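Structure first, then comments.
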Amino acid sequence: MNSLGDLMQIYADKYDLNDLEGIKETAIPGVWFYRSSQGNQRQPFVYQSGIIVMGQGRKHIHIGNQPVHYGPEDYLVVGVPMPLECEALPENGEPLLGLTINVDPTLLHRLVNELEVASFEHAPRSKQETCGLSSVKMGTPMLASCKQWNGHRLTLSRC
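Residue 1 is where the sequence shown starts when you use the UniProt record's numbering, and the numbers rise one by one after that.
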């Protein structure tokens, strides 16, 4: 079975994105494809709220002294727009490949309010989660959702 990185490379091949150094919106509004063959050294950046899915390569995020690392088949949840420093590292001569899924802040706040009304209790948080970012290894349902293909484009039916 193909890895998520393999499927993202197929997507790049199909849509002639192998020279892309940056992001390009997919056919799905609010979903962006990311590719970089060189990556970048640690530099200031602002992440918008959303979900960042990494298919290939690694990123190291720094918020002050707090590092957050993520790589293949991890996703990063960004709760609020956040200034940070980002280092992007291709591996084994292969480009970084990923997706960014924008999350509408209004919808996010409504869902959080619904959880609070339902008396949702927060699980104990790790030090990493207290900085506003959380890197998560994909479980089977999330990975399967992100691997779905709809003939012409990468689909994210449940992401």
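From the three backbone atoms N, C-alpha and C, an ideal C-beta is built for every residue, glycine too.
Just so it is clear, the structure is predicted and the values come from calculations on it, not from any experiment.
Item	Value
Assign residue 160 to buried or exposed, taking buried as 16 or more other Cβ atoms, counted over all protein chains shown, within 10 Å of its Cβ.	In the structure displayed, the chain extends from 1 to 159; residue 160 sits before or after that span and is not available.
State buried or exposed for Lys14, treating a residue as buried only when at least 16 other CB atoms are found within 10 Å of its CB.	exposed
Does the distance from the C-beta atom of Gln41 to that of Glu87 stay below 8 Å?	yes
Leaving aside the five residues before and after Leu89 along the sequence, list all residues of the same chain whose C-beta is less than 8 Å from its C-beta, in chain order.	Gly39, Gly57, Arg58, Lys59, His60 and Leu96
Would you kindly report the start and end of the unbroken alpha helix (DSSP H) that includes Pro141?	Thr140 to Lys147
Does the beta carbon of Gly98 fall short of 7 Å from some heavy atom of the ligand FMN?	The ligand FMN is absent from the structure shown, which contains no ligands of any kind.
Between which residues of its own chain and Val46 is the CB-CB distance below 8 Å, once the five residues before and five after are set aside?	Pro81, Met82, Pro83 and Leu84
For a test of the three-state rule: what should DSSP assign to Pro90, helix, strand or coil?	coil
Between which two residues does the beta strand (DSSP E) containing Asp16 stretch?	Note, Asp16: premise wrong, no beta strand (DSSP E); not H, not E.
How long is the line joining the alpha carbons of Leu76 and Arg110, rounded to whole angstroms?	21 Å
Starting from the C-beta of Gly55, find all residues in its chain whose C-beta is less than 6 Å away, skip the five residues before and the five after it, and write them out in chain order.	Leu4, Gly5, Met8, Leu97 and Gly98
Are the beta-carbon atoms belonging to Ser37 and Glu25 less than 8 Å from one another?	no
Relative to the alpha-carbon of Ala144, which residue among Gly93, Asp74 and Leu133 has its alpha-carbon at the smallest distance?	Asp74
On the criterion of 16 or more Cβ atoms from any shown chain inside 10 Å, does Ala27 qualify as buried, or is it exposed?	exposed
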